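Below is one structure, written out as structure tokens; the observations come after it.
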Amino acid sequence: MPQHPSSHSPVVGKSLSRRRILKAGLGASVAGFVLPRIASPAWAKDYPALGTFPAGTNGSSVFVGCLVPLTGPYSASGKDMQLGFQLAVEHLNDGSRVTEQIPTLKKGKGVLGKKIEFQVADAETKPDPAVQAATRYVRDNKAIMLTGAVSSAVAVALEELGQREHTIVMIGNSSSNDTTGKDCQRYGFRSQDSAYMASKALAPVLAKELGKNRKTAYLTPDYTFGHTIYASMKKFTEEQGWTTAIQQVAPLGTTDFSSYLLNIANSGADVFVNLAFGADAVASTKQAQQFGVLPMMKYVVPDISQFQAKELGAEIMGGAYGSQPWWWTEQDAYPLAKFFVEDFEKTNHYKPRWGASEAYLQMLVWADAVERAGTFYPIAVIKALESGQKVNSIYGEVYYRAGDHQMVRPVPVMVGKKPNEMKGPEDFYRVVDLVPGEQVLPPLNETGCHLQAYET
Amino acid sequence: MPTLPQFLSQAFNGVALGSLLALISCGLTIILGTLGVLNFAHGAMFMVGAYVAFVVLAAFHSFAAALVLGALTLLVFGFALERGLIRLYYDRPHEDQILVTFGLAIMMIEAVHYAFGGESQRVPVPPWGRGIVHLHFFVYPLYRVEAIGLAAVILLAFYLLLYRTRIGLVVRAGIEDPLMVQLLGTNVRRAFMVVFSIGCMAAGIAGVIYAPLAAVIPNMGEQFLVQCFVVVVIGGLGSFPGAIVGGLVVGQILSLTTLFNPAYAQAAIYAVMTLVLIIRPRGLFGTMGRA
Amino acid sequence: MEGARRRLLGWLPELFMALALIVLPFLCYALLGSVDLLTRILIWGIFGLGFDLLFGFTGLLSFGQAAFYGCGGFVTAYLLTSGDLSNVWLAMAAGIASAAAFSVIVGILALRRVGIYFAMITLAFGELSYFLENSPLAHWTGGENGLPGVPAPRLHFGSFVYSFSGSWASYELIAAFFFVGFVFARFVVRSPVGDVLNAIRQNPLRTAALGHDVHAYKLSVFVLAAIFAGCAGALLGIFQGYMPPNAFTLETSGQLVIQTVIGGAGTLIGPTIGAAIWLVLRQVLQQLPAIGSLWLFILGLVFVLLVTFLPKGIVGATARLGSKFPFFELRPVVTDAFQGEKGTAQALLAPFSTAGTRGSSPAELALHVRNVSKAYGGIHAVEGVSLELPAGRFHAIIGPNGAGKSTFLRLLNCEERPDTGRILLNGIDITGIGVTRAHQHGLAKSFQINQLFPQFTVRQNLRIGALSRLRGPLRLDVFRPADGFSKIELMLAALLDRLGLTPSADVRVSSLPYGEKRRLELGLALASRPSVLLLDEPLAGLSPHEREGIKRLIQDVRGGRTIVLVEHDMDAVFQLAERITVLHEGRKLAEGTPQEISADRRVREAYLGGIAA
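Protein chains in written order, with our numbering: chain A, 138 to 593; chain B, 87 to 377; chain C, -5 to 607.
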């Protein structure tokens, strides 16, 4: 039996030694990965059934479920996310200037040749409706992926569900450290920068711009997210030499912050760090200004809500430092972002906020991973996401850290523009720094994340 | 342990909070006392008032116009609602009345949500309200002090309406004994209509006053609704002076509890409401409650 | 036999329910692609079964049921996720037991009030539980995140294990619980307990005056509702594998109320139908792109329309249309008219005396009133009135308006406590023991203004009166049909015959003419076979012909009873009474035989204002 040393092409000939078969297999699989091609049924048979695979992928389309709040206090952020998600699906199914620039997504005919069908369910800003709808999407519609969430409680619940049902869950809006910390799941991936990352990126900028010997007063909303971001901010500002003068913890949904603001006003602090989100942030900021806290102290918002500047106005937000996962002026830094912003504004008549950008980004990153894996088989996709392969996106090059499924992406630090600095009706912020994700990731052994084995 | 200045500033804050609660609650209590309807849509009325303020201020930049138009809008809306819907429920059991206002609240909130979106609307503090007042040892926003004054003036107007006019007399008699008033030949149904409209108007005016202070979102009235129930229970169902005193009491409880442990502030008022209902259901001034 | 056939027909609802539970999931699967929606509807259905017993049948509107739903759910979920317990059935039992225990505490506090006050207290407790879940107990409940990872239960058959995970198995589990719950609820509704609860809803005052411990029954049904709620909450966590914090919110309690009203209160399946409408509409509306986030507005509109135009809910409206079918309405078993002789009837209706059992002497006074007084503020309604009635005496009390007669009778009936003085019934001190216990001792009153149960038939009304004597103030005999005491049924037939109401026996009281209602009022007081009977103006509002009928009736039923009669009709008084007491401005003015009284000048002065006849 003659054996030929070169084996990059499939073996031809009557006798097949084990090595030849192995090499043939290797060659074939390399070919399969390098050439993005429709996964033929032969490939599908190589993977066992898992979750909604292959039941949800046998037809000409695949289903993605989107869970966002459309009613209730976070509905504005939810709507923003929904629109970003829908634009991504459109771009993936029909091609766009953005997808043209990404090698795996160039062809613009869905994912692995299958059109993406979707539904959006109202999470009502509560975990239960989100879980109910997500369960339905998995069981009835055979969803191959779930995305969304505005609020960490919903994110954690959805991740648990995804883990149980073996369906990948892409979390776009949840900044609690626990989402990729003690609540991390093998099937869950988070794109938004965590509270830790935002705080670590923000603190040095604050020290540089505002000085080193500052005394801070914190207003913390009383739930998991509030407490984690307080812990992170306290740690990193104190590392920069700041001291924490007072912390006021307000229950979620407080409408009247006067009691807390009175205490803060009397605390002797000169920086007011507001950790509240959404409507709570708007109310507390307005009232802070009315109580004289704001002109008296510098204003820092480590987790700026999507529409906060629009809701409060540049008179109040001007001069305030903070971070949010994305602001549309980043399009100057990333060419793909420019296309995204233009397409989004054409359809929806306003500049996309970070809910939309995270939802959009995730869809494309997921699609890229599926294409690289060559299959929808969840574990293969997970491994593709974990591979560390950098993907060109609207945030530049991003990838997920394998150890906790946190996306490594730039963390913007920005300052609010005063009214006379604004060059347009939505020009609310100036991005001061785009901190690379690697610089601000928490050490893996400190996150408390223990990902399950693949096959559970 | 809070210091004396801290304590006093929170106590003052409680008065401010309480005066607004009193204004919203007096509408609720007269509707409850006269019609026997527990108006679950009262928080939504308050919210509509705030949105009217937003629209009027954006168009005319006049707070006075906002007040007037807010009051008028809710007056008309209350009138239409009473004629169109609430009227059908007078002979129905109390549960049905509670339920229809419950459903109405949902409809109002979602309609506003659809029209304006979910994000908070900007209602600026009027020019004469900007700035801070230095009261002895603590600072307080000027507008809030003025809001106390505004609330007091409007409550006074309601007082005059209820205690110095004929229609007010009918309303108060109707609270005491609706059957008797009817037997005396007075057009009780007309009085009901007036009461309901005025009650809604009170909530709407409170909404206008409150709009510059908080986030104007469709769900803003929900928290106030339950707080109003507490006020009305403590003050006495159907009692106008009860709503004022009850409002101040609840405002104080909320403010002072925050001094010690903010998380318990809301729970504290529920606990007090439960105690009042168990021990003395007619509250401080109520005449109902012989249950 | 007729009775057996009727009993069999009585099981039709259970049969239909079983069939529905078997067929519907296939329908649901065919239409919607999975049975999960139906499973969720049934979980709300279990929650609603208990709530309907509480609200639909007993009339207690609670806005805080979420407290027990959440309690059952979280205790179960916590025990299972913390590893303290691996047996799901045991954890469920613990959860339900906690919900029940919690409800005892809340019930004791909340049930001291009625109506709006009761609703507000339950609302407050609901909100307090939500707060507890969210803040102080967040370590155990997961706070705003809830408790994920709740496992599915398993059944072990030897070495074979059946795990209730997955859509169909979950449905089977929950449908089984629902069916058991439904059957149990039906037992309750058809039992004497169900009748008493229904009576409490219609006229709590009269129910208490007929010897039923209203407060104890209310507490019982409140706890029962909490048990159903806790069970539903536990099943929710198990079904979803996740226990959500919003199980405790006011919104959950509100949704339960909305669903019950939409479906129809008092029908047992009303809440399930309401849940079906709400959940199906919510799912379908959200999927329509034109509607999207407006789904909640439309649901609110649908709700308002349904409440306005279908006050009895969908099931109620359907029941009215198909009122031929006795499925969901309370229908008594009709027995034949009384055939026995007078002597048997007399024996059946004879007073149930407690005196004999205590061995007291026959010379004991049936009613001994010593110096009772009652003042309301500055008004002395009754002042220092005494009365001594030997057994079998027919005594009348008369006096001008405002003399205090009605108040005096209310004091005798223990509806109110006298400020001073004592009342002894057959030697037993009943001062201030309350109307229910007084009734249990053999005292009954016929009211001046009819206090009937308008939605019951005549027979059902009388049955309420009769049940307390046999069963005592509280008995939770839920497995017995309400008409299951043959002695009582026989006695009712005799009583109906005596009252002349046999033709109307199974007619709703609300459709009776006034004269028949008045006779029923009297009959109610007699149904428990009292030894002392108080009659408060029994002839009020009757025509002369009807008066004769009542007078004959009163004489008919005297047999051994002590009777106190308050009346304005002097002819009747002088005809019937052996002795008369005259009250004037709260005090006893005179007392004696009818002849003595009619001759008494003071009496005439009091009545005619001083003008001598």
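Using N, Cα and C, we set each Cβ at its ideal position, and we do this for glycine too. Please read these numbers as outputs of a predicted model, since none were measured by experiment.
In this structure, the beta-carbon distance from Leu356(A) to Leu412(A) falls below 8 Å. The shortest C-alpha to C-alpha distance from Val100(C) to any of Leu84(C), Leu122(C), Asn81(C), Gly109(C) is the one to Leu122(C). For Glu377(C), the enclosing beta strand (DSSP E) stretches over residues 373 to 384. The Cβ atoms of Leu31(C) and Val278(C) do not sit closer than 8 Å to each other. Relative to Met544(A), the option among Gln269(A), Cys321(A), Tyr211(A) whose CA is nearest is Cys321(A). Rounded to the nearest whole angstrom, the C-alpha separation of Gly372(B) and Gly492(A) is 51 Å.
Going by beta carbons, Ala197(B) and Phe126(B) fall outside the 8 Å limit. Using a CB distance cut-off of 8 Å, His180(B) counts as an interface residue toward chain C. For Phe140(B), not one C-beta of chain A is nearer than 8 Å to its own C-beta. Under the three-state reduction of DSSP, Lys263(A) is assigned to coil, being neither helix nor strand.
At a beta-carbon threshold of 9 Å, the residues of chain C lying near Asp259(A) are Arg276, Gln280, Gly286, Ser287, Trp289, Leu290, ordered along the chain. In this structure, Gly254(B) sits away from Ser111(B), with a CB-CB distance that is not shorter than 8 Å. At a cut-off of 8 Å between beta carbons, Met306(B) contacts chain A. Check the Cα spacing between Tyr324(A) and each of Tyr184(A), Lys520(A), Asn557(A): the tightest is with Lys520(A).
For Phe409(A), the CB contacts under 6 Å within the same chain, skipping 5 residues up- and downstream, are Ala354, Val430, Met434, Tyr436 in chain order. Here DSSP, grouped into helix, strand and coil, assigns Glu585(C) to strand.
Neighbours of Ala61(C) across chain B, judged by C-beta separation under 7 Å, do not exist; the nearest C-beta is about 12 Å away.
For Asn400(A), the C-beta contacts it makes with chain B under 8 Å involve Gln92, in order along the chain. Separation of Trp289(C) and His150(C) (C-alpha to C-alpha, rounded to the nearest whole angstrom) is 44 Å. Leu47(C) carries a helical assignment under DSSP once its states are collapsed to helix, strand and coil. In the structure shown, Leu304(C) adopts coil according to DSSP, grouped into three states. The shortest C-alpha to C-alpha distance from Glu558(A) to any of Asn485(A), Gly450(A), Leu249(A), Lys483(A) is the one to Gly450(A).
Residues of chain C with a Cβ closer than 9 Å to the Cβ of Gln589(A) do not exist; the shortest Cβ-Cβ separation is about 12 Å.
Within the stretch 14 to 35 of chain C, contact with chain A at the beta-carbon level (separation under 8 Å) is assigned to Leu26, Gly27, Ser28, Asp30, Leu31, Arg34.
In this structure, Ala301(B) sits near Ala420(A), with a CB-CB distance shorter than 8 Å. Around the C-beta of His220(B), fewer than 16 other C-beta atoms lie within 10 Å, and the residue is accordingly described as exposed. Taking a contact as a CB-CB distance under 8 Å, the pair Val199(A) and Ile281(A) counts as one, their CB atoms being some 5 Å apart.
In the assembly as shown, Pro210(A) is a buried residue. Its beta-carbon has 16 or more other beta-carbons within 10 Å. Judged by their CB atoms, Leu446(C) and Lys545(C) are not nearer to each other than the 8 Å cut-off. Under DSSP, Asn411(A) takes part in a beta bridge, and its partners are Leu356(A). Close to chain B, meaning a Cβ-Cβ distance shorter than 9 Å, are the following residues of the stretch 100 to 117 of chain C: Leu103, Ala104, Arg106, Arg107, Val108, Gly109, Ile110, Tyr111, Phe112, Ala113, Met114, Ile115, Leu117. Under the DSSP assignment, Asp491(C) falls in the alpha helix (DSSP H) whose first and last residues are 480 to 493. Distance from the CA atom of Thr254(C) to the CA atom of Leu403(C), rounded to whole angstroms, is 41 Å.
For the pair of segments examined, the stretch 528 to 536 of chain C was found not to touch the stretch 497 to 507 of chain C: the number of CB pairs separated by less than 8 Å stays below three. No Cβ of chain A is located within less than 8 Å of the beta carbon of Glu232(B). Separation of Tyr200(B) and Met194(B) (C-alpha to C-alpha, rounded to the nearest whole angstrom) is 10 Å.
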